[in-house]
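Peer 1: Pasting a structure below so you can have a look.
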Amino acid sequence: MKAINTIGIVGAGAMGRGIVQIAAQAGLNVRLFDVSADAVTAATQALSKTWETLSQKGKLTPADAQAAFARISPAQALTDLAGCDLVIEAIVERLEVKRALFADLEGIVDAQCILASNTSSLSITAIAAQCKHPERVVGYHFFNPVPLMKVVEVIDGLRSDPAAGDALMDLGRRMGHTAVRARDMPGFIVNHAGRGMNIEGLRVAQEAVAPFDQIDALMRDQAGFRMGPFELLDLTALDVSHPVMESIYRQFYDEPRFRPSPITAVRLAGGLVGRKAGEGFYTYADGKKQVPDEPAVPALQAGLTVWVSPQHGDGHARAVSLIKALGADLAVTAKPPADALIVVTPYGQDVSTAVQSQGLDATRTVGLDTLFGVEGVNRRCIMVSPATGAAWRDAAHALFAKDGVPVSVIEDSPGFVAQRIVAAIVNVASDIAQQKVATPEDIDRAVTLGLGYPAGPLAMGDKLGAATIVEVLRNLLDVTGDPRYRASLWLQRRAQLGLSLLAPSQAG
Ligand code: NAI
20 MKAINTIGIV GAGAMGRGIV QIAAQAGLNV RLFDVSADAV TAATQALSKT
70 WETLSQKGKL TPADAQAAFA RISPAQALTD LAGCDLVIEA IVERLEVKRA
120 LFADLEGIVD AQCILASNTS SLSITAIAAQ CKHPERVVGY HFFNPVPLMK
170 VVEVIDGLRS DPAAGDALMD LGRRMGHTAV RARDMPGFIV NHAGRGMNIE
220 GLRVAQEAVA PFDQIDALMR DQAGFRMGPF ELLDLTALDV SHPVMESIYR
270 QFYDEPRFRP SPITAVRLAG GLVGRKAGEG FYTYADGKKQ VPDEPAVPAL
320 QAGLTVWVSP QHGDGHARAV SLIKALGADL AVTAKPPADA LIVVTPYGQD
370 VSTAVQSQGL DATRTVGLDT LFGVEGVNRR CIMVSPATGA AWRDAAHALF
420 AKDGVPVSVI EDSPGFVAQR IVAAIVNVAS DIAQQKVATP EDIDRAVTLG
470 LGYPAGPLAM GDKLGAATIV EVLRNLLDVT GDPRYRASLW LQRRAQLGLS
520 LLAPSQAG
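The working numbering numbers the first residue of the sequence shown as 20 and each following residue consecutively.
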């Protein structure tokens, strides 16, 4: 492959100008073309401002900023891209338009030039299909804003020359990004992996398990995410994310794991699309998210005795240790005493199922989520069945909030909130690995950088234990009968064999 020194960018919108910025800063000569000459002017003016700000902040020397600006040349016509070593398109997301552009470009650039598409949802193979030289067409998927989102997916279409992808991997690193490699499958890596949190978060909300803000709080405080699903959806906005949810679902031929939710369809139709509209899952006053107050903590009940079900070994041990630390009376009998609060600690089950399978008194039983730990934590989650009495619910709430830790009280849900959302995230990522869309390492790298998760989903699964994630999913599948909860074979086999979720097959 020829060394890449001069690149053409077609499309001077949000993405195009971001790519121009990192390319020019990395020392590449950049020619920028757009059907709208005004868009090119606006982009170059904006870039000049950006570099001025960066040099004022000391992030770039004034000389480097000037040199970067000098490397950009506006192209008056597409033919000005003749002689480029690489052309990246960041134009409108329509297959016929991208195909027509590449057909035009093939008549302009020389045989060595790589043609890259920044598409986020179209197939690279489909874009390349009508090219005379489909082997030179590769996906090069950046994220918005490009200079800050330091990851790029390099996507090989079915006819792409691997050497062209290798050259884009090198170039990505030269521009200061982490480059990951993906096969041409819907959503590539990041938009595929992102299904886990959003879709399961919406499913939890649709079952009326908890209000949006409590679901988000549980994902932040229990599972360590920077944002919960509804904060994230408000940021990306439903006019962007709802069609993506529908498109990925359809492209996988109605895969139940990706089934979208009528919640977002209705909200999109009503214009409650998110932060930019001032109203989404949250309302925004002067751009500031309005969060409802935490529910009040009921009065502590004197003389409360608590019995913890021994059914789940880990959960039992964690709950018992916490209850002792909180100073409540713990009943250590085989069966719950007649007047005791009953605590169950299931993984992937709801309270109703635990009550029925263990023959417990439903009115006195609550669930406590112990999977993410219950001591030294930022939040606890308790769950009630439709038969749990309000007085017993309040007694449990007061007890588990006694040391000042916020408690979310949710309706019955197999897997509480964080268990099932995290299990969905790990499961979807495992299936991406199973389909060899990317290596396990690249999946974790891409998701950490592209979605801002606290860890890669496969590493997250390893931390909680593959067998534990399988247990959560098996119980979810049992309770709901919904095939979206079937465990990925990647996950299941690694749990069976005691292997890391990051482990590729040993025999290659
Ligand atoms: P944009 O709407 O901000 O900019 C698109 C630009 O392309 C406009 O200036 C338009 O005049 C120009 N254009 C349209 N058709 C053209 C043609 N035939 N020839 C030359 N110029 C043409 O769009 P944005 O957001 O920058 O997206 C561009 C591409 O990047 C799309 O494929 C999109 O799916 C993809 N993408 C967008 C992301 C985002 O968050 N905005 C993230 C990742 C990928």
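For every residue, glycine included, the Cβ atom is placed at its ideal position computed from N, Cα and C. Computed from a predicted model, the values in this text were never measured in an experiment.
Which same chain residues end up closer than 6 Å to Ile143 when comparing Cβ atoms and leaving out the 5 residues on each side of it in sequence?
Peer 2: The count along the sequence shown starts at 1 and reaches residue 143 at position 124. So the qualifying residues of the chain are Gly158, Ile174, Gly176 and Asp203.
Peer 1: CB-CB under 6 Å to Thr25, same chain, minus the five flanking residues each way: which ones, in chain order?
Peer 2: Your numbering for residue 25 matches position 6 in the sequence shown. Answer for Thr25: Asn48, Cys103 and Asp104, listed in chain order.
Peer 1: Are the segment 315–331 and the segment 349–363 in contact at 8 Å, needing three or more beta carbon pairs?
Peer 2: Yes: the two stretches touch, three or more of their Cβ pairs being nearer than 8 Å.
Peer 1: I'd like to know whether the C-beta atoms of Leu518 and Leu510 end up nearer to each other than 8 Å.
Peer 2: Within the sequence shown, numbered from 1, the residue matching residue 518 stands at position 499. Within the sequence shown, numbered from 1, the residue matching residue 510 stands at position 491. No, the Cβ-Cβ distance between Leu518 and Leu510 is not below 8 Å.
Peer 1: May I have the straight-line CA-CA distance separating Thr63 from Arg36, to the nearest angstrom?
Peer 2: Within the sequence shown, the letter at position 44 stands for residue 63. Within the sequence shown, the letter at position 17 stands for residue 36. If you take the alpha carbons of Thr63 and Arg36, they lie about 8 Å apart.
Peer 1: Three or more C-beta pairs under 8 Å: does that hold for the segment 179–198 against the segment 431–449?
Peer 2: They do not touch, by the three-pair rule.
Peer 1: Beta-carbon within less than 6 Å of Val171's beta-carbon, same chain only, minus the 5 sequence neighbours each way: which residues are those?
Peer 2: By one-based count along the sequence shown, residue 171 stands at place 152. Hits under 6 Å: Phe161, Gly191, His196 and Ala198.
Peer 1: Starting from the Cα of Lys455, find the closest Cα among Ala94, Thr80 and Ala201 and give me that residue.
Peer 2: Start at 1 with the first residue of the sequence shown, and residue 455 comes out as number 436. Out of Ala94, Thr80 and Ala201, Ala201 has the C-alpha closest to the C-alpha of Lys455.
Peer 1: Find out if the Cβ-Cβ distance for the pair Pro120, Val29 is shorter than 8 Å.
Peer 2: As a first step, residue 120 is located in the sequence shown; it is residue number 101 there, counting from the start. As a first step, residue 29 is located in the sequence shown; it is residue number 10 there, counting from the start. Residue identity differs from the one stated: residue 120 is Leu in this sequence, not Pro. Yes, these two residues count as a Cβ contact at 8 Å.
Peer 1: Cα separation between Val396 and Val428?
Peer 2: As a working note, residue 396 is residue 377 in the sequence shown. As a working note, residue 428 is residue 409 in the sequence shown. Going by the C-alpha atoms only, they are around 16 Å apart.
Peer 1: According to DSSP, is Gln438 part of a helix, a strand, or is it coil?
Peer 2: For the purposes of this step, residue 438 is taken as the residue at position 419 of the sequence shown. Three-state DSSP puts Gln438 in a helix.
Peer 1: Is the closest heavy atom of the ligand NAI to the C-beta of Val54 under 7 Å?
Peer 2: If you number the sequence shown from 1, residue 54 lands on position 35. Yes, Cβ of Val54 sits closer than 7 Å to a heavy atom of the ligand NAI.
Peer 1: With a threshold of 7 Å (Cβ to nearest heavy atom), would Ile110 be considered close to the ligand NAI?
Peer 2: As a working mapping, residue 110 is identified with position 91 in the sequence shown. Yes - the ligand NAI has a heavy atom lying nearer than 7 Å to the Cβ of Ile110.
Peer 1: Just tell me which of Val362, Pro356 and Arg493 has its CA closest to the CA of Ser340.
Peer 2: For the purposes of this step, residue 340 is taken as the residue at position 321 of the sequence shown. Comparing Cα positions, the closest option is Val362.
Peer 1: So, are the CB atoms of Ile488 and Gly480 less than 8 Å apart?
Peer 2: Counted from its first residue, the sequence shown places residue 488 at position 469. Counted from its first residue, the sequence shown places residue 480 at position 461. Yes. Within cutoff.
Peer 1: Which residues share a DSSP beta bridge with Arg399?
Peer 2: The sequence position of residue 399 within the sequence shown is 380, counting from 1. DSSP lists Val426 as partners of Arg399.
Peer 1: Kindly indicate which three-state DSSP category Ser92 falls into: helix, strand or coil?
Peer 2: As a first step, residue 92 is located in the sequence shown; it is residue number 73 there, counting from the start. Strand at Ser92.
Peer 1: In angstroms, rounded to a whole number, what distance separates the CA positions of Val385 and Asp253?
Peer 2: As a position in the sequence shown, residue 385 is number 366, starting the count at 1. As a position in the sequence shown, residue 253 is number 234, starting the count at 1. Straight-line Cα distance between these residues: approximately 32 Å.
Peer 1: Check whether the Cβ atoms of Ala443 and Gly215 lie closer than 8 Å to each other.
Peer 2: Taking the first residue of the sequence shown as position 1, residue 443 is located at position 424. Taking the first residue of the sequence shown as position 1, residue 215 is located at position 196. Yes, the pair counts as a contact, with Cβ atoms nearer than the cut-off.
Peer 1: Does Phe52 come out as helix, strand or coil in the three-state DSSP assignment?
Peer 2: As a first step, residue 52 is located in the sequence shown; it is residue number 33 there, counting from the start. Strand.
Peer 1: Does any C-beta atom of chain E lie closer than 8 Å to the C-beta of Arg493?
Peer 2: Considering every chain present, this structure includes no chain E. It has just one protein chain.
Peer 1: Output yes or no for whether 8 Å exceeds the beta carbon distance between Ser67 and Phe88.
Peer 2: Here residue 67 refers to the residue found at position 48 when the sequence shown is read from its first residue. Here residue 88 refers to the residue found at position 69 when the sequence shown is read from its first residue. Yes, Cβ-Cβ distance for Ser67 and Phe88 is below 8 Å.
Peer 1: Can you give the beta carbon distance from Pro433 to Gly367, rounded, assuming they're within the 8 Å contact cut?
Peer 2: As a working mapping, residue 433 is identified with position 414 in the sequence shown. As a working mapping, residue 367 is identified with position 348 in the sequence shown. Pro433 to Gly367, Cβ: 6 Å. Contact.
Peer 1: Suppose the cutoff is 8 Å on Cβ atoms and the five residues either side in sequence are ignored; what does the same chain contact list for Gln225 look like?
Peer 2: If you number the sequence shown from 1, residue 225 lands on position 206. Only Ser280, Pro281 and Ile282 meet the Cβ criterion.
Peer 1: Give the secondary structure of Ile208 by DSSP, where H, G and I count as helix, E and B as strand, and everything else as coil.
Peer 2: Taking the sequence shown and counting its residues from 1, one reaches residue 208 at position 189. Looking at Ile208 - three-state DSSP - the assignment turns out to be coil, as it is neither helix nor strand.
Peer 1: Whose C-beta lies closer than 8 Å to the C-beta of Val116 among residues of the same chain, with five residues either side of it excluded?
Peer 2: The count along the sequence shown starts at 1 and reaches residue 116 at position 97. Taken in chain order, the residues that qualify are Ile110.
Peer 1: Whose C-beta lies closer than 6 Å to the C-beta of Val310 among residues of the same chain, with five residues either side of it excluded?
Peer 2: Along the sequence shown, read from residue 1 onward, the residue named residue 310 stands at position 291. Closer than 6 Å at the Cβ level, and outside the excluded window around Val310, lie Asp232.
Peer 1: What do you get for Gly213, buried or exposed, if any count of 16 or more other CB atoms within 10 angstroms of its CB means buried?
Peer 2: What you label residue 213 is simply residue 194 of the sequence shown in a count that begins at 1. Looking at its Cβ environment, which holds 16 or more other Cβ atoms inside 10 Å, Gly213 is buried.
Peer 1: Closest to His261 by C-alpha separation, out of Gln453, Val292, Gly126 and Gly471, would be which residue?
Peer 2: Residue 261 sits at position 242 when you count from the first residue of the sequence shown. Of the candidates Gln453, Val292, Gly126 and Gly471, the one whose C-alpha sits nearest the C-alpha of His261 is Val292.
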